[in-house]
Amino acid sequence: MAEREYDIVIIGGGPAGLAAGLYAARGMHRTVLLEKGVVGGQISLTELVENYPGVPTVNGFDLAQTMLKQSESYGMETEYVDVTGVERAGQKWRVRTGAGDFIGKAVIVTAGAEYNRLGVPGEERLTGKGVSYCATCDAAFFRDMEAAVIGGGDAAMDEGLFTTRYVSKATVIHRRDELRASRILQERAFANEKMSFLWNTVVEEVLGDEQVTGVKLRNVVTGETSEMPLSAVFIFIGQHPNSGFLDGLVEMDAGKHAIVDEWMRTKQPGLFAAGDVRQNSARQVASSVGDGVTAAIAADHYITDTFRE
Amino acid sequence: MAKPAEVTDNEWDTQVLKSDVPVMVDFWAPWCGPCRMVSPLVDELAEEYDGKARFFKLNTDDNMQTASKYGIRSIPTLLVFKGGEMVDQVIGFRPKSDLKKSLDKAFA
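If you read the protein sequences in the order shown, they are chains F and P. Residues 0 to 308 in numbering that gives the first Met the number 0 are what the first sequence spells out, letter by letter. Residues 0 to 107 in numbering that gives the first Met the number 0 are what the second sequence spells out, letter by letter.
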């Protein structure tokens with residue numbers, strides 16, 4: 000398949016990648032951004048971003064689209080492809096995708112993170128049919144129905160509270176006997192009449208043929224199993240970095256985050272990682288943007304030093 | 000009809016189920032970000048399949064009846080119909096090649 004040459008190849012179109020693209024393109028580097036799904040990544044599903052400095056409130060999808068247009072206006076190209084591998088190509092890097100290879104003098108990995116799945120029977124089959132990882136996207140379809148919210152962190156409480164605008168009852172199912180969520184969200188959740196809590200309990204199976212009709216539960220203390228009829232299962236049990244294609248190539252921590260220095264450099268010359276895919280990311284739009292900018296500047300220096308004629 | 004038209008609960012049977020050519024319906028809502036990524040792809044398909052298939056957009060906020068009849072639980076969702084029967088569905092944002100593949104099942 001065709002092979003395309005660039006100066007900088009960016010993998011992932013969330014805030015980190017879009018910011019890296021802006022700086023790379025403005026630095027007169029031939030730049031391509033590779034995105035496998037929706038530009039904006041996690042923020043494209045966020046109804047309101049209220050903590051991006053200089054922008055009091057903005058819809059996450061709109062913010063990402065604005066960033067994309069800004070980066071493209073300086074010449075960044077965008078390709079909607081899935082990356083399958085990254086490897087050395089002499090002095091340069093080869094990024095393999097389902098639509099041919101992209102060659103770059105430098106590669107910036109901003110592949111972000113993705114929500115964790117429960118990994119139980121029925122979950123994948125019923126995704127979009129009652130199983131959801133985004134309450135703001137899907138809760139409206141469960142008006143006056145009962146829902147389960149899986150997880151005990153901030154996301155579970157935040158999204159669980161959102162579901163109560165529509166559902167008649169939201170049962171938080173948590174494997175421990177206390178929440179991990181911040182106090183303010185816990186208080187809001189406990190005070191909400193539509194929310195109830197099932198402690199020390201895990202989901203063993205999501206039930207239903209065409210639609211979710213219930214969940215099979217197990218109490219982790221007593222071992223007792225039970226079934227609960229409901230129409231929706233909202234799952235918020237953390238996330239993992241999209242770093243699979245970096246396996247064996249760059250150093251990673253136990254959570255599979257790429258290890259980088261303060262210039263977002265991996266130990267591989269010309270290969271950078273920024274945003275949620277790297278270790279110790281603050282996981283904010285603003286910090287990811289900062290990461291992406293840092294990586295682009297470091298990549299610019301690297302290219303100037305390495306490919307000087 | 001190169002541009003997708005809006006369809007409502009009331010016109011569903013006549014416009015979609017009784018169509019003499021295959022139909023693709025884009026279920027969307029104004030608050031749904033990924034829906035706005037899918038929408039231009041459906042517009043492009045409408046151009047490419049002009050005369051061969053018809054394209055509609057259904058606002059799920061205003062047309063809950065049809066959305067619930069087809070068990071829509073997440074948007075964007077695209078449904079493909081042929082002779083009043085649903086032949087395929089695409090849930091969530093997918094690249095255009097996937098949408099084409101789904102639509103082509105109505106021509107198989």
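The beta-carbon is built from N, C-alpha and C at its ideal position, and this holds for glycine as well. The structure displayed is predicted, hence computed values, not measured ones.
Legend entry - Test item: CB-CB of phenylalanine 55 of chain P and valine 15 of chain P under 8 Å: yes
Inset, instruction - Please name the residue, chosen from F/Ile172, F/Asp100, F/Ala188, that lies closest to leucine 117 of chain F on a Cα-to-Cα basis. - result: F/Ile172
Inset, instruction - Could you tell me whether the Cβ atoms of isoleucine 90 of chain P and cysteine 34 of chain P are closer together than 8 Å? - result: no
Legend entry - chain F residues whose Cβ lies nearer than 9 Å to that of proline 94 of chain P: Lys35, Gly36, Tyr79, Val80, Asp81
Inset, instruction - Helix, strand or coil for tyrosine 48 of chain P, going by three-state DSSP, please let me know. - result: coil
Inset, instruction - Look at the Cβ atom of phenylalanine 101 of chain F, then the Cβ atom of valine 8 of chain F, and state whether they are nearer than 8 Å. - result: yes
Legend entry - glutamate 71 of chain F at chain P interface by Cβ criterion, 8 Å: no
Legend entry - Minimum length 4: unbroken alpha helix (DSSP H) runs contained in the segment 22-48 of chain F: none
Inset, instruction - With a threshold of 16 other CB atoms inside 10 Å of the CB of leucine 47 of chain F, please say whether the residue is buried or exposed. - result: exposed
Inset, instruction - Please check if any C-beta of chain P sits within less than 8 Å of the C-beta of aspartate 137 of chain F. - result: yes
Legend entry - Sequence-distant residues of the same chain with beta carbon closer than 8 Å to alanine 146 of chain F, five excluded per side: Ala138, Thr162, Val166, Lys168, Ala169, Thr170, Leu229, Ser230, Ala231, Val232, Phe233
Legend entry - Outcome for glycine 12 of chain F when other beta-carbon atoms lying within 10 angstroms are tallied against a minimum of 16: buried
Inset, instruction - Check whether the Cβ atoms of methionine 194 of chain F and glycine 152 of chain F sit closer than 8 Å, and answer yes or no. - result: no
Inset, instruction - Pull up the DSSP beta-bridge partners for asparagine 191 of chain F, would you. - result: None, per the DSSP bridge assignment.
Inset, instruction - Report the residues of the segment 43-67 of chain F with a CB closer than 9 Å to any CB of chain P, ordered along the chain. - result: Ser43, Leu44, Thr45, Glu46, Asn58, Gly59, Phe60, Asp61, Ala63, Gln64
Inset, instruction - Look at valine 108 of chain F and alanine 253 of chain F and say whether their C-beta atoms are less than 8 Å apart. - result: no
Inset, instruction - Please compile the residues from chain F whose C-beta is within a distance smaller than 9 Å of the C-beta of methionine 23 of chain P. - result: In chain order: nothing, as chain F lies at least about 17 Å away.
Legend entry - Minimum Cβ-Cβ distance from serine 73 of chain P to chain F less than 8 Å: yes
Inset, instruction - Look at valine 292 of chain F and leucine 270 of chain F and say whether their C-beta atoms are less than 8 Å apart. - result: no
Inset, instruction - On a CA-only basis, which of P/Ala4, P/Asp12, P/Trp27 is nearest arginine 72 of chain P? Give me that one, please. - result: P/Trp27
Inset, instruction - Can you say whether serine 287 of chain F is buried or exposed, counting buried as having 16 or more other CB atoms within 10 angstroms of its CB? - result: buried
Inset, instruction - Determine whether the Cβ of proline 33 of chain P lies closer than 8 Å to any Cβ atom of chain F. - result: yes
Inset, instruction - Could you tell me the boundaries of the alpha helix (DSSP H) in which methionine 66 of chain F lies? - result: 59-72
Legend entry - glycine 111 of chain F and glycine 40 of chain F closer than 8 Å at C-beta: yes
Inset, instruction - List the residues of chain F whose Cβ lies closer than 9 Å to the Cβ of methionine 85 of chain P, in chain order. - result: Ordered by position in chain F, no residue passes the 9 Å Cβ test against methionine 85 of chain P, which lies about 12 Å from the chain.
Inset, instruction - For isoleucine 149 of chain F, write down the residues that DSSP places opposite it in a beta bridge. - result: F/Ile172, F/Ile234
Inset, instruction - Following the continuous alpha helix (DSSP H) through leucine 114 of chain F, name the residue where it begins and the one where it ends. - result: Looking at the sequence itself, residue 114 of chain F is tyrosine, so the reference to leucine does not match. First-last for tyrosine 114 of chain F: 112-114, but that is the beta strand (DSSP E), not the alpha helix (DSSP H).
Inset, instruction - Pick helix, strand or coil for alanine 281 of chain F, following the three-state DSSP scheme. - result: coil
Inset, instruction - Express the C-alpha separation of threonine 126 of chain F and glutamate 113 of chain F in angstroms, rounding to a whole number. - result: 15 Å
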